[in-house]
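Q: Following this message is one structure expressed as structure tokens.
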Amino acid sequence: MTTPRLNDYLNRRVVLDTQGPLLYIGTLLAFDERGYWLGDADVHDRNDGHSGKEVYISRASELERTGVRNVNRRRVFVERHAIISLSGLDDVNIVEEYDD
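Below, the structure is given as structure tokens:
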């Protein structure tokens with residue numbers, strides 16, 4: 080198995096996760112040593128929602144597969160130091176939300 084390079088994610092829908100409450104989902108348009116440019120992005124504050132991070136990402140992935148996108152920014156720049164992980168949205172495993 081080969082290790083993906085950041086260039087492999089260009090023009091793909093990606094998830095940028097932060098240590099804080101913000102989560103970014105969008106098309107990776109460009110990147111440099113300062114950060115990432117996303118297009119047609121969903122900037123989500125986890126403090127504003129009732130579902131956990133994984134459930135939110137799973138729902139976004141499911142919507143994407145049906146051709147629906149939640150977009151609240153045409154373009155957004157995300158500073159590199161704010162990001163703890165980057166993954167392809169199509170690489171997300173679907174998580175079911177269960178009530179206790």
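So in my numbering, spot 36 of the sequence shown is number 115, and the numbers just go up one at a time. Beta carbons are placed, not taken as given, at the ideal position from N, Cα and C, and that holds for glycine. If you're wondering where the values come from, they're calculated on a predicted model, not measured in any experiment.
If you draw a straight line from the C-alpha of Y177 to the C-alpha of R138, how long is it?
A: Mapped onto the sequence shown, residue 177 falls at position 98. Mapped onto the sequence shown, residue 138 falls at position 59. Its pLDDT being 43, under 50, Y177 is placed unreliably by the model, and nothing is read from it.
Q: Secondary structure at S137, three-state DSSP: helix, strand or coil?
A: In the sequence shown, residue 137 corresponds to position 58, counting from 1. Note: S137 maps to helix in three-state DSSP.
Q: Tell me the rounded alpha-carbon separation between R153 and P83.
A: In the sequence shown, the residue the question calls residue 153 occupies position 74. In the sequence shown, the residue the question calls residue 83 occupies position 4. Approximately 26 angstroms, taken between the alpha carbons.
Q: Are there 16 or more other CB atoms within 10 angstroms of the CB of L89, so buried, or fewer, so exposed?
A: As a working mapping, residue 89 is identified with position 10 in the sequence shown. By the 10 Å Cβ count, L89 comes out exposed.
Q: Of all the options N126, S130 and L85, which has the alpha carbon lying nearest to the alpha carbon of L107?
A: Residue 107 sits at position 28 when you count from the first residue of the sequence shown. Nearest C-alpha to L107: L85.
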